[in-house]
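Numbering (the numbering used here), first residue to last: 9 to 276.
Yeah, the Cβ is synthetic: ideal placement off N, Cα and C, and Gly gets one too.
Since the structure comes first, as structure tokens, the remarks are kept for the end.
In structure tokens, the structure reads:
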């Protein structure tokens with residue numbers, strides 16, 4: 009098998025060393041670092057050469073962390089929750105009409121290697137999602153990559169994307185039977201702060217039942233009765249940009265199908 013690929017270069021070096029090499033090799037502020045899970049490599053990169061990273065990185069897109077609601081991996085840990093999904097019926101209609109499940113596994117004759125691979129991969133995924141009552145795959149990682157592609161460093165947000173600046177310090181716990189993966193979020197200086205233990209999603213749902221107007225990040229329903237004893241550690245003066253809106257699932261599916269399978273999809 010050839011090791012040459014237009015978008016992939018194999019290496020025996022660590023991810024940390026590769027990142028630092030790229031930061032040395034490309035113009036300053038031109039590289040986006042995408043973090044799709046635990047931030048171990050990012051932490052080691054900054055620890056090894058934080059000055060280079062801070063001076064040259066263009067943007068960090070991070071997917072994950074239960075800031076306002078319980079986790080979806082454990083009661084306290086999550087990767088991400090978004091409303092973007094790939095309905096398997098759409099995949100069947102547009103990519104592989106014979107796609108089903110592991111009960112009727114994909115067969116390679118008549119299919120491109122790519123379609124055979126993706127169908128084989130998605131068969132078990134479909135079964136798991138159906139067991140949760142949904143015949144669709146949630147596109148968590150893909151949304152983060154989509155965000156990075158559509159919003160390169162140094163540019164204004166692309167049409168359809170909206171963000172909100174938030175202030176918080178985060179510590180991720182790595183040990184403990186109940187707390188492993190938990191994010192401890194200090195957001196006492198942020199207007200989005202709720203009272204301790206409040207579940208933002210449940211509060212907003214109750215407000216909607218009562219037809220009470222509220223904003224996406226509203227905190228007036230249960231304001232946090234806390235004071236900040238001392239200033240937080242140094243952080244960006246504009247806070248952290250949190251994505252609050254994307255162009256929508258239809259646009260994402262159009263981009264996904266075009267880039268992965270070369271299939272044009274129209275959006276309504």
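Check your understanding: From what residue to what residue does the beta strand (DSSP E) around residue 170 run?
Key -> 170-174
Check your understanding: Which one or two residues does DSSP pair with residue 246 in a beta bridge?
Key -> Its beta-bridge partners do not exist; DSSP assigns none.
Check your understanding: Does the Cβ of residue 150 have 16 or more other Cβ atoms within 10 Å, making it buried, or fewer, making it exposed?
Key -> buried
Review point. Can you list, in chain order, the stretches of the beta strand (DSSP E) that have 3 or more residues and sit fully within the segment 114-148?
Key: 144-146
**Study point:** Cutoff 6 Å; reference residue 38; Cβ partners in own chain excluding five residues on either side
**Key:** 66
Check your understanding: Going by other Cβ atoms of all chains shown within 10 Å of its Cβ, with 16 needed for buried, is residue 254 buried or exposed?
Key -> buried
Point to revise | Contacting residues, own chain, Cβ-Cβ under 6 Å from residue 257 (five flanking each side not counted) | key: 92
Check your understanding: Any idea what DSSP makes of residue 100, helix, strand or coil?
Key -> helix
Check your understanding: Of the choices 100, 133, 104 and 32, whose alpha-carbon is the least far from that of residue 58?
Key -> 32
Check your understanding: So the alpha helix (DSSP H) residue 29 belongs to, where does it begin and stop?
Key -> 23-33
Check your understanding: Taking the C-alpha atoms as reference points, what is the distance between residue 175 and residue 248?
Key -> 6 Å
Exercise for review: List the endpoints of the continuous alpha helix (DSSP H) containing residue 267.
Suggested key: 257-269
**Study point:** Secondary structure, beta strand (DSSP E): runs of 3+ residues fully inside the segment 34-75
**Key:** 39-43 and 65-70
Practice item. Please classify residue 299: is it buried, with 16 or more other beta-carbons within 10 angstroms of its beta-carbon, or exposed? Key: Since the first residue of the chain shown is 9 and the last is 276, residue 299 is not available in this structure.
Review point. Taking the alpha-carbon positions, what's the residue 106 to residue 127 distance?
Key: 9 Å
Check your understanding: Per DSSP, residue 94 forms a beta bridge with which residues?
Key -> 145
Exercise for review: Grab me the residues of residue 265's own chain with a C-beta within less than 8 Å of its C-beta, minus the 5 sequence neighbours each way, in chain order.
Suggested key: 102, 103, 271, 272 and 273
Check your understanding: Roughly how many angstroms lie between the CA atoms of residue 155 and residue 267, to the nearest whole one?
Key -> 14 Å
Practice item. Please name the residue, chosen from 44, 147, 167 and 250, that lies closest to residue 71 on a Cα-to-Cα basis. Key: 44
Point to revise | Alpha-carbon to alpha-carbon, residue 97 and residue 141 | key: 14 Å
Review point. How about residue 122 and residue 269: are their beta carbons less than 9 Å apart?
Key: yes
Check your understanding: Do residue 145 and residue 215 come within 9 Å of each other at the CB atom, strictly closer than that value?
Key -> no
Point to revise | Exposed unless 16 or more other CB atoms sit within 10 angstroms - verdict on residue 134 | key: buried
Exercise for review: With DSSP as the reference, please indicate the residues paired to residue 251 in a beta bridge.
Suggested key: 171
Exercise for review: Use the C-beta contact count for residue 152: other C-beta atoms within 10 angstroms, 16 or more gives buried, fewer gives exposed.
Suggested key: buried
Point to revise | Proximity to residue 161 [Cα-Cα], best of 19, 34 and 124 | key: 34
Check your understanding: Using a Cβ-Cβ cut-off of 7 Å (strictly less than) and excluding sequence neighbours within five positions of residue 132, which residues of its own chain qualify?
Key -> 110
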